[in-house]
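>
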Amino acid sequence: MPEEILIPRRVVIATHPDIPDVANEASAIAQYLGERGLSAYYGMLDDESLRARVKSGECDVFIAIGGDGTMLRSAHLCAPHGVPILGINLGRFGFLIQVQRDEWRSNLGDLLDGRYWIENRMMICAEHRRAGQLLGSWHALNEVVVCRGDLIRPVHIFASADGRLLTKYVADGLIAATPTGSTAYALAAGGPILPPELRNILLVPIAPHLSVDRAVVLSEGSSVSIAVSGSGNAVFSIDGQPPVKLNEDEQVDVRAGDYTARFVRFGDPGYFYRNLTAHMNQNPAIGIPR
């Protein structure tokens with residue numbers, strides 16, 4: 062059943078602090094929305110008053126100005142509160158973003174006239190455990206990565222799906238990705254591209270040595286437990302955040318998350334493939350004569 066389309070009245074605009082002229086762009090967007098009779102607040106993504114507005118329910122739409130990293134951090138903030146995110150690309154690639162810098166006036170007009178739809182994207186939950194005790198829990202939009210730490214040598218990684226041993230990897234690491242994350246680190250490691258509406262976990266080994274070297278797509282609803290053995294040279298990271306030490310007697314359990322990232326989209330769902338093709342064609346090797 063299609064999701065009900067609501068006309069937003071309260072908008073929060075978040076910016077990436079390191080992009081040139083981003084504050085001017087946010088100010089122009091806030092002025093445009095104000096002229097249309099909306100309440101618009103803008104600031105940097107780490108601004109506590111900005112984040113408080115989202116957490117307290119004072120936000121109908123969250124506009125994220127930046128690149129894919131800004132979208133990831135926005136999803137971490139907005140998903141637990143069900144707030145839809147509209148991304149405006151001022152970054153380099155923008156796999157997650159449909160609206161470009163010179164298009165926002167037209168797209169915001171569509172938003173305020175109700176000519177948009179909501180795309181729901183799966184997030185995953187990662188739980189760090191030792192002997193059944195929960196040490197920490199995180200949600201990720203892209204991926205959870207278990208990999209080697211400071212020592213330049215592979216780690217021994219055990220992956221179990223739904224409580225049954227799947228395989229043992231000797232590799233630099235293992236990526237557990239969402240369909241959204243299939244176009245991120247998992248793609249660079251040789252994994253397949255999954256449509257964003259799927260709800261499957263993708264496992265992709267990083268530089269495997271004489272072990273399983275193919276990606277595995279788990280069934281919808283399946284979970285995976287990842288553990289390591291050996292010298293303790295292992296860490297894990299959530300969506301590229303600072304790594305957490307993973308000891309031999311610990312594991313990371315990954316399952317479908319409790320939240321869904323909600324993105325504002327315009328036009329037909331074919332935007333994903335058009336966007337993907339455009340980004341792939343940015344590879345400088347494409348078009349070079351053999």
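Residue numbers (our numbering): 62 to 351.
Here a beta-carbon is modelled for each residue, glycine too, at the ideal position from N, C-alpha and C.
Measure the alpha-carbon distance for residue 93 versus residue 169 and round it to whole angstroms.
Those two C-alpha atoms are separated by around 9 Å.
> Work out the CA separation of residue 135 and residue 141 for me, nearest whole Å.
One C-alpha to the other measures close to 11 Å.
> By the three-class DSSP mapping on this structure, what secondary structure does residue 272 have?
Reduced to three states, the DSSP call for residue 272 is coil.
> Give the straight-line distance between the Cα atoms of residue 248 and residue 254, rounded to the nearest whole angstrom.
Rounded to whole angstroms, residue 248 to residue 254 spans 7 Å at the Cα level.
> For a quick check, are the C-beta atoms of residue 216 and residue 299 less than 9 Å apart?
Result no, Cβ atoms of residue 216 and residue 299 do not sit closer than 9 Å.
> In the DSSP assignment, find the unbroken alpha helix (DSSP H) run with residue 95 in it and report its ends.
Run containing residue 95: 83 to 96, per the alpha helix (DSSP H) assignment.
> With H, G and I counted as helix, E and B as strand and the rest as coil, what does DSSP make of residue 266?
It is a strand residue.
> Assess, as a yes-or-no matter, whether the stretch 269 to 279 is touched by the stretch 225 to 239 under the definition of 3 or more beta carbon pairs within less than 8 Å.
With a cut-off of 8 Å, the stretch 269 to 279 and the stretch 225 to 239 count as touching, because enough Cβ pairs lie within range.
> Between the Cα of residue 101 and those of 279, 284, 321, 123, spot the shortest distance and give me the residue it belongs to.
Checked all of 279, 284, 321, 123; the closest Cα to residue 101 is 123.
> Out of 88, 105, 110, 109, state which residue places its alpha-carbon closest to the alpha-carbon of residue 131.
For the residues 88, 105, 110, 109, the minimum Cα distance to residue 131 belongs to 105.
> Inspect the CB distances between the stretch 150 to 160 and the stretch 185 to 196 and report whether three or more fall short of 8 Å.
Touching, no.
> Looking at C-beta atoms only, is the number of pairs between the stretch 276 to 287 and the stretch 306 to 326 that lie closer than 8 Å three or more?
Taking 8 Å as the limit for Cβ pairs, the verdict is that the stretch 306 to 326 does touch the stretch 276 to 287.
> Report buried or exposed for residue 331, applying the criterion of at least 16 other Cβ atoms within 10 angstroms of its Cβ.
Classification of residue 331: exposed, given that the 10 Å Cβ count is below 16.
> Between which two residues does the alpha helix (DSSP H) carrying residue 172 extend?
Per DSSP, residue 172 belongs to the alpha helix (DSSP H) from 165 to 173.
> Between which two residues does the alpha helix (DSSP H) containing residue 334 stretch?
Residue 334 -> alpha helix (DSSP H) spans 332 to 341.
> Within 10 Å of its beta-carbon, does residue 127 have 16 or more other beta-carbons around it, so buried, or fewer, so exposed?
It is buried - the Cβ of residue 127 has at least 16 other Cβ atoms within 10 Å.
> DSSP three-state label for residue 200, please.
Residue 200: strand per DSSP, three-state reduction.
> Excluding the 5 residues preceding and the 5 following residue 137 in the sequence, name in chain order all residues of the same chain whose CB lies nearer than 7 Å to its CB.
Once the five neighbours on either side are set aside, the close Cβ partners of residue 137 are 200.
> Assuming residue 235 and residue 294 are in contact, meaning their beta carbons sit under 8 Å apart, how far apart are those beta carbons, in whole angstroms?
That pair is no contact at about 14 Å.
> Is it buried or exposed for residue 68, if we count other Cβ within 10 angstroms and need 16 for buried?
Exposed: under 16 other Cβ atoms inside 10 Å.
> Taking just the CA atoms, how far does residue 150 sit from residue 226?
So the alpha carbons of these two residues sit roughly 42 Å apart.
> How is residue 79 classed by DSSP in three states: helix, strand or coil?
Coil, per DSSP.
> Mind checking whether residue 202 and residue 251 have CB atoms under 9 Å apart?
Going by C-beta atoms, residue 202 is not nearer than 9 Å to residue 251.
> Just verifying my parser: in three-state terms, what is the DSSP assignment at residue 102?
It is a strand residue.
> Taking the C-alpha atoms as reference points, what is the distance between residue 177 and residue 317?
Roughly 26 Å separates the two Cα atoms.
> What is the C-beta distance between residue 259 and residue 279, in whole angstroms, given that I count them as a contact (C-beta under 8 Å)?
About 11 Å; that fails the 8 Å criterion.
> Got a sec? Which residues, its chain only, sit under 8 Å from residue 333 by beta carbon, not counting five neighbours each side?
Answer for residue 333: 256, 257, listed in chain order.
> Tell me whether residue 177 sits in a helix, a strand or coil according to DSSP, three-state version.
Residue 177 falls in the coil class under three-state DSSP.
> Assuming the contact rule is C-beta atoms closer than 8 Å, residue 145 and residue 179 should be a hit. Round their C-beta distance to whole Å, please.
Confirmed, about 6 Å.
> Return yes when at least one heavy atom of the ligand HEM lies under 8 Å from the C-beta of residue 309, else no.
Among the components modelled here there is no ligand, and therefore nothing to report on the ligand HEM.
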